[in-house]
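As given, the protein sequences belong to chains L and V, one line each in that order. Using the working numbering, you'd call the opening residue of the first sequence number 187 and step up by one each time. Using the working numbering, you'd call the opening residue of the second sequence number 870 and step up by one each time. Following: one structure in structure tokens, then a few remarks.
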Amino acid sequence: MPSLKDLRNRIASVKATQKITKAMQMVAAAKLKRAQTAAEAARPYAEKMEAVLANLAGSVTGADAPVLLAGTGKDDVHLLVVATAERGLCGAFNTSIVRLARERALALQAEGKTVKFLCVGRKGYDLIRRQFDKQIVGFIEFRAVKQLSYAQAEEVGAKLFQLFEEGAFDVATLFFSKFKSVISQIPTAQQIIPAQVGGDATATDKAPYEFEPGEAEILSDLLPRNITIQIFKAILENAASEQGARMSSMDSATRNAGEMIKKQTLKYNRARQAMITKELIEIISGAEAL
Amino acid sequence: MATFNFELVSPERQLFSGQVEQIVVPGADGDFGVLAGHAPFVASLRPGILTIHGDGQPKRLYVRGGFAEVSDGSLTVLAERATPVEDLRADQIDAEIKDAQDDVADAKDDATRSKAAERLGQLQSLKGALGTIGATH
């Protein structure tokens, strides 16, 4: 039976924790708003890019298609780009992305393919390192970055293209979490190299564009940009998802703390009353003995 | 004068959207002007100055990396960087020039070197152009 002092201390510490989780929830809510606005602001660019690319890709096909679009012709070496958060305390956010990547990696390895990892974000790196330490070819973290910007996507893109030029992989897949709502983030895998360009590029209503310089030059200029944009989009989605996940997990942590405080307070009061009763009985029986 | 719809978009946000009379775009093969009723057209950009002629004073922006698209009578410029000329600092351009110089030095094959050298040339001419603007103000 813990003493009254122990109980009091425990209630105080749970209350302090509750204050922290509550504050973290509110901070996450504010950051979520910002992350969502950023994700929305990035949308027009990505959409326009996709439209033009789909238009172009339809007209440049066959042997002269750039490697980034057509692929290397093999799919022996897979690179899994795993984008996660820099910080924990956001529920299953990091774990679920890593789990998806790990399942894919094991499936590919079972097929006899080589799997490599490029980790974006410290948390994912820590998790993947446990199982696939030797297969990690790169690690990028944004720990010092306050506000995610296009420069971060460029950094990841540069690393990716460098590896691709070295012939380090044939197929690259990007893992991140799609933001659906505060309570639902969907871990997603998206193939980025070879680029997958919107379905019916051969649509008949294609506008008869003039190109300057040629179509092939523009296409080979645009493909790397498009991949960087996809990475940028993924990073922003991830940021929004992270804050959403943190918000809901901190919300439930706050609620749990509240319940615990209630339970402990009840226990404390009961113990206090029992003590008072005991003291009264002692006094009364002492008086009676006289 | 007839106007048309113009949008300037960077990955991070939309910088301009509205009706304009004329846009001068720094294309990879040279500057070109777009007026209302331009034919469908796609061109990649070189680092340079984009000028918006609309109401009042023409607006000038430094754009880098991306492309311009004319379709359905409206022009969309997608640029990786876009900064109003007034906000542009000389050291920014200098840093990019230095970057380009490093690229030229590091280039492994002729194709990349010529590409980097081209970019360097574009940046240097841009710096020159900006210098003269500063002098006339």
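We put the CB at the ideal spot given by N, CA and C, even for glycine. Because the structure is a prediction, the values reported are computed rather than measured.
Residue i, buried or exposed, once every other Cβ within 10 Å from all chains shown has been counted against 16
i, result
"Glu351(L)", "exposed"
"Gly277(L)", "buried"
"Gly934(V)", "buried"
"Arg988(V)", "buried"
"Asp356(L)", "buried"
"Ala214(L)", "buried"
"Ile892(V)", "buried"
"Ser886(V)", "exposed"
"Val939(V)", "buried"
"Asn424(L)", "buried"
"Asn241(L)", "buried"
"Gln459(L)", "exposed"
"Lys332(L)", "exposed"
"Ile470(L)", "exposed"
Cα-Cα separation, residue i to residue j
i, j, result
"Glu297(L)", "Pro410(L)", "29 Å"
"Glu401(L)", "Ala209(L)", "53 Å"
"Glu955(V)", "Leu999(V)", "10 Å"
"Ala339(L)", "His922(V)", "33 Å"
"Arg196(L)", "Gln222(L)", "38 Å"
"Pro394(L)", "Lys320(L)", "50 Å"
"Arg441(L)", "Gln450(L)", "14 Å"
"Gln317(L)", "Leu292(L)", "11 Å"
"Thr848(V)", "Ala912(V)", "Since the first and last residues shown for chain V are 870 and 1006, residue 848(V) lies out of range."
"Arg266(L)", "Val301(L)", "Before going further, note that residue 266(L) is Leu rather than Arg in the sequence given. So the two alpha carbons sit approximately 7 Å from each other."
"Gln371(L)", "Gly307(L)", "17 Å"
"Gln883(V)", "Leu944(V)", "14 Å"
"Glu465(L)", "Met212(L)", "46 Å"
"Asn455(L)", "Ala202(L)", "20 Å"
"Ala431(L)", "Ala330(L)", "21 Å"
"Tyr311(L)", "Thr374(L)", "17 Å"
"Asp963(V)", "Leu957(V)", "11 Å"
"Phe936(V)", "Val946(V)", "6 Å"
"Ala439(L)", "Thr952(V)", "44 Å"
"Phe901(V)", "Phe362(L)", "40 Å"
"Ala216(L)", "Glu226(L)", "16 Å"
Neighbouring residues, chain V, relative to residue i (Cβ below 7 Å)
i, result
"Phe328(L)", "Ordered by position in chain V, no residue passes the 7 Å Cβ test against Phe328(L), which lies about 15 Å from the chain."
Residue i: contacting residues in chain V (beta-carbon distance under 8 Å)
i, result
"Glu396(L)", "Ala908, Pro909, Phe910, Val911"
"Ile415(L)", "Pro880"
Within chain V, the residues that residue i reaches when beta carbons sit closer than 9 Å
i, result
"Tyr336(L)", "Ser879, Pro880, Glu881, Glu949, Arg950"
Under 7 Å from the C-beta of residue i: neighbouring residues of chain L
i, result
"Glu965(V)", "Result: empty, since nearest Cβ-Cβ is about 13 Å, beyond 7 Å."
(request) With 7 Å as the C-beta to C-beta threshold (strictly closer), list the residues of the stretch 217–246 of chain L near chain V in chain order. (result) Ala227, Ala228, Pro230, Tyr231, Lys234, Met235, Val238
(request) Please list the segments of the beta strand (DSSP E) lying wholly inside the stretch 200–273 of chain L, counting only runs of 3 or more residues, in order along the chain. (result) 263–269
(request) Jot down the residue ranges of each uninterrupted beta strand (DSSP E) in the stretch 409–444 of chain L, minimum 3 residues, whole runs only, in chain order. (result) none
(request) With 7 Å as the C-beta to C-beta threshold (strictly closer), list the residues of the stretch 899–931 of chain V near chain L in chain order. (result) Ala908, Pro909, Phe910, Val911, Ala912, Ser913
(message) By the 9 Å beta-carbon criterion, what residues does the stretch 399–413 of chain L contribute toward chain V?
(response) Pro399, Glu401, Glu403, Ile404, Asp407, Leu408, Arg411
(request) Could you run through the stretch 873–900 of chain V and flag, in chain order, every residue whose CB is less than 8 Å away from some CB of chain L? (result) Glu876, Val878, Ser879, Pro880, Glu881, Arg882, Gln883, Gly896, Ala897, Asp898
(request) Please go through the stretch 290–366 of chain L and give each complete alpha helix (DSSP H) segment of 4 or more residues, from N-terminal end onward. (result) 308–318, 336–351
(message) What are the residues in the stretch 419–449 of chain L lying within 7 Å of chain V by C-beta distance?
(response) none
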